[in-house]
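Take a look at the structure below.
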Amino acid sequence: MRQLILDTETTGLNAKTGDRLLEIGCVELVNRRLTGNNLHFYINPERDSDPGALAVHGLTTEFLSDKPKFAEIAEELREYCRGAEIIIHNAAFDLGFLDMEFARLGWPPFMEHCAGLIDTLVRAREMFPGKRNSLDALCDRLGVNNSHRTLHGALLDAELLADVYLAMTRGQESLVIDANDADDGAAGGHRERISLRQFDLPVIVAAADEVAQHDDVLNGIDKGMKGTCVWRLEPAPAQAQPEAAPAA
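Here's what the structure looks like:
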């Protein structure tokens with residue numbers, strides 16, 4: 001699976017009132033491994049940053065004056081992101097700006113070019129209810145070193161968020177079929193399926209002491225992360241499927 005951790009910096013807080021993108025950073029994960037195939041743009045926003053935003057990112061009008069405008073980097077960004085799952089912290093903010101820039105070019109919204117979206121802020125609020133879930137707070141909670149982060153930067157923040165996301169979801173990769181196996185199956189054509197109904201398969205249930213040991217491990221993880229680990233989260237209820245119409 002190809003995933004892109006994306007972050008932006010902007011001239012202000014509201015794309016609808018004329019604020020613009022001035023930096024985009026993307027970090028690539030393939031099968032949960034950092035590839036180094038990252039993407040980074042400084043962008044001339046064609047306007048000054050609000051004082052509050054400038055204090056956050058430190059990117060001055062003078063520094064950005066010779067950088068490409070969004071229209072000049074848009075196609076490269078779109079092709080890089082096409083078909084990938086996008087991971088953003090507080091996705092509504094970044095997507096609001098990306099959608100506004102795409103609309104200026106007459107393009108569909110940003111996510112229509114991508115395969116799916118994970119908002120790590122939403123995930124963090126589920127895992128750590130009632131706690132601060134900013135990127136800095138998550139770095140502290142999950143042991144991600146952010147001591148070199150003095151100002152916000154799109155690529156730096158995307159790199160930190162990649163580490164945070166991997167820490168938040170550690171262990172889940174063992175619960176799904178390896179993507180390489182899936183790719184091999186697609187490339188090699190049809191694979192014959194074997195029905196397991198012909199076998200008398202034993203059901204092995206954990207003993208009471210094994211369950212207790214497992215709970216002790218989860219309690220230790222909960223204590224270490226000061227929250228609830230992913231193995232304790234309740235799955236979303238499955239939606240009932242409509243009954244098939246009787247055959248004519």
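Be aware that the sequence shown starts at 1, since it is given in full-length UniProt numbering, and climbs by one per residue.
Glycine included, every Cβ here is placed at the ideal spot set by N, Cα and C.
Inter-residue Cα distance where the pair is residue i and residue j
i: N14; j: Y80; result: 26 Å
i: W107; j: E72; result: 14 Å
i: L218; j: E210; result: 13 Å
i: M127; j: G143; result: 16 Å
i: residue 262; j: A154; result: Since the first residue of the chain shown is 1 and the last is 248, residue 262 is not available in this structure.
i: R149; j: G220; result: 30 Å
i: M1; j: G116; result: 11 Å
i: A212; j: G130; result: 28 Å
i: G18; j: L105; result: 15 Å
i: T35; j: L156; result: 15 Å
Nearest candidate by alpha-carbon position, reference residue i, set the options
i: R82; options: Q3, F70, D157, K226; result: Q3
i: G96; options: V217, P202, K16, D66; result: K16
i: residue 250; options: K131, T150, L22; result: This structure gives no information on residue 250, because the portion of the chain shown stretches from 1 to 248.
i: residue 281; options: P109, R170, P129, S147; result: Here the chain has residues from 1 to 248 only, and residue 281 is not among them.
i: R47; options: A208, L59, N38, G116; result: L59
i: D222; options: M168, L29, A208, P108; result: M168
i: A84; options: F70, E112, A103, V144; result: E112
i: R141; options: A207, I5, G227, T150; result: G227
i: D94; options: R125, N133, F110; result: F110
i: L151; options: A207, E9, D215; result: E9
i: L77; options: K67, N38, A92; result: N38
i: residue 273; options: R125, H214, A103; result: Residue coverage of the chain in this structure runs from 1 to 248, which leaves residue 273 outside it and unanswerable.
Whether residue i touches residue j by CB criterion (7 Å)
i: A53; j: T11; result: yes
i: G25; j: D7; result: yes
i: residue 253; j: E28; result: Because the chain in this structure spans residues 1 to 248, residue 253 falls outside the shown range and cannot be described.
i: L160; j: N146; result: yes
i: I5; j: A162; result: yes
(message) Is it the case that the segment 61-79 contacts the segment 40-49, given that we only count it when at least three CB pairs across the two stretches are under 8 Å?
(response) Contact holds between the segment 40-49 and the segment 61-79, because three or more Cβ pairs, one in each stretch, are under 8 Å apart.
(request) Specify whether the segment 108-127 and the segment 86-96 touch according to this definition: at least 3 beta carbon pairs, one from each stretch, less than 8 Å apart. (result) Touching, yes.
(message) Quick check on the DSSP output: what are the complete alpha helix (DSSP H) runs of length 4 or more inside the segment 65-113, in order along the chain?
(response) If we require 4 residues or more, the alpha helix (DSSP H) runs fully inside the segment 65-113 come out as 70-81, 91-104.
(request) Output the residue ranges of the alpha helix (DSSP H) runs that lie fully inside the segment 108-160 and measure 4 residues or longer, sorted by chain position. (result) For the segment 108-160, the full-length alpha helix (DSSP H) segments reaching 4 residues or more read 120-127, 135-142 along the chain.
(message) Could you tell me which whole beta strand (DSSP E) segments of length 3 or greater appear in the segment 27-67?
(response) Qualifying beta strand (DSSP E) stretches, in chain order: 39-42.
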